[in-house]
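In order, the protein sequence lines correspond to chains L and G.
Quick note on the numbering used here: the first sequence kicks off at 204 and runs consecutively.
Quick note on the numbering used here: the second sequence kicks off at 3 and runs consecutively.
All C-beta atoms in this analysis are idealised placements derived from N, C-alpha and C, irrespective of residue type, glycine included.
Note that this is a predicted model, so its numbers are computed, not measured.
I have placed the structure first, in the form of C-alpha cells, so that the comments after it can refer back to it.
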Amino acid sequence: VRLASVKSRVPQIASRMDDAAEEAALEAAEEIAADAASRTWSDRLAEAIHVEVHDGKVFIVAGNGDVFWGNFEEHGTTNAPAHPFLIPAAEAHRLGAGTGIARRLKRLADTGR
Amino acid sequence: MSVATRRALYGKMAGDATLTGLLGTPKSGYSQAIYYERAPSGAAFPYIVFSKQAGTPRYAMSARAYDDDVWQIKAVGKDDGVDLSADKVDNIASRLDALLTDGTISISGRTQLYLRRESDIDYAETADGVNYRHAGSLFRLIYE
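Next up, the structure:
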C-alpha cells in the first residue's frame, strides 16, 4: 500500500519540480541582489540591481538602460580599480542558496507541495 | 588579509618568462608590468592587473578550516591603431589560464588546496575616444 502511495505522487512531484526550483532560485537571487545593492557606494547602481528570469534561468542584473557601468564598477577600468559588489554577495550566499534550493525540493518530495 | 596570497600570485606570474614576454615595458619602479588593483598612471600597455574579488572564510567545528578566495586577473590592452589589442590581451589571458589553473603557488604560512580558472572576463572600454580591451579570468583559490 505504501509503495502504491509513493508511486502515485511521483508524477505530481516531477511536474512541480521545475517550478519549485525556480521559486527557490528566485528567492536566493533576490537575497543576493539586495546584498549586492548594499555593497555598492552608488545609489543609482544599487537601484538598478534586479533579478530577471529568461528561459527558466535566473539572472541577477547590475544595470539598466541608464546605468550601463555596473561591469566597470565590478571589474575596474583603465582609470579606476575594481570595486566588486556582485561577486562578493554571490560568494557570501553561495552555500545558503544551494541549501535553500535543496530544502525546497525536499519539501516538495515530502509533501507534494 | 591578502598579503601572502597577493605575493604568491604575483611571484607565480612574474616568474613566468612566457607571460612577461607578452607584456609591455614595466613602469619605472616596477620590475614587471603586473600591477595590484590598479596600474600606475602612464603604464605601458598591455599590462596585467590583479585584485581580490571576494574572500570567504569557511569554518568547521568552531575553527577556520580554509579560506575560499576569488581573484580577478586580467590583461588590459590599448587599441594601437592596427586593432591587435584583442589578440594581445587574449593571448595573455590564455597564458594566465595555462599558468595558474592547477598551478602551484607558494603562500607564506599557508597551504594551497585548489587554484582554477572559474569564469572569464572579456569587455571593452572607451575612454577619451581611445579603446581599451580587458580579458582575463576569475580564479578560485582555496587554501588552509
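Contacting residues, own chain, Cβ-Cβ under 7 Å from residue i (five flanking each side not counted)
i	result
Arg8(G)	Tyr38
Phe188(L)	No statement about residue 188(L) is possible, as the shown extent of chain L runs from 204 to 316 and does not include it.
Pro28(G)	Gln34, Ala35
Start and end residues, alpha helix (DSSP H) containing residue i
i	result
Tyr12(G)	5 to 16
Gly138(G)	Run containing Gly138(G): none in the alpha helix (DSSP H); it sits in the beta strand (DSSP E), 132 to 145.
Phe262(L)	Counting along the chain, Phe262(L) falls outside any alpha helix (DSSP H), though it belongs to the beta strand (DSSP E) covering 260 to 265.
Leu21(G)	19 to 22
Asn274(L)	273 to 278
Assigned secondary structure, residue i (DSSP; H/G/I helix, E/B strand, else coil)
i	result
Lys90(G)	helix
Lys309(L)	helix
His296(L)	coil
Asp238(L)	helix
Ser121(G)	strand
CB contact check: residue i to chain G, cutoff 8 Å
i	result
His257(L)	no
Thr281(L)	yes
Ile263(L)	no
His253(L)	no
Phe275(L)	yes
N- and C-terminal bounds of the beta strand (DSSP E) containing residue i
i	result
Asp71(G)	65 to 80
Glu255(L)	252 to 257
Thr58(G)	49 to 62
Glu39(G)	From DSSP, Glu39(G) is part of no beta strand (DSSP E); its letter is neither H nor E.
8 Å Cβ cutoff, residue i in contact with chain L
i	result
Ala56(G)	yes
Tyr134(G)	yes
Glu146(G)	no
Taking beta-carbon pairs under 9 Å, can you tell me which members of the region 281 to 295 of chain L lie near chain G? Taking a C-beta cut-off of 9 Å against chain G, the contacting residues of the region 281 to 295 of chain L are Thr281, Asn282, Ala283, Pro284, Ala285, Pro287, Ile290, Pro291, Ala292, Ala293, Glu294, Ala295, listed in chain order.
Cβ-based contacts, 8 Å cut-off: residues of the region 109 to 142 of chain G near chain L: Of all residues in the region 109 to 142 of chain G, Ile123, Tyr125, Glu127, Ala129, Tyr134, His136, Leu140 have a Cβ within less than 8 Å of some Cβ in chain L.
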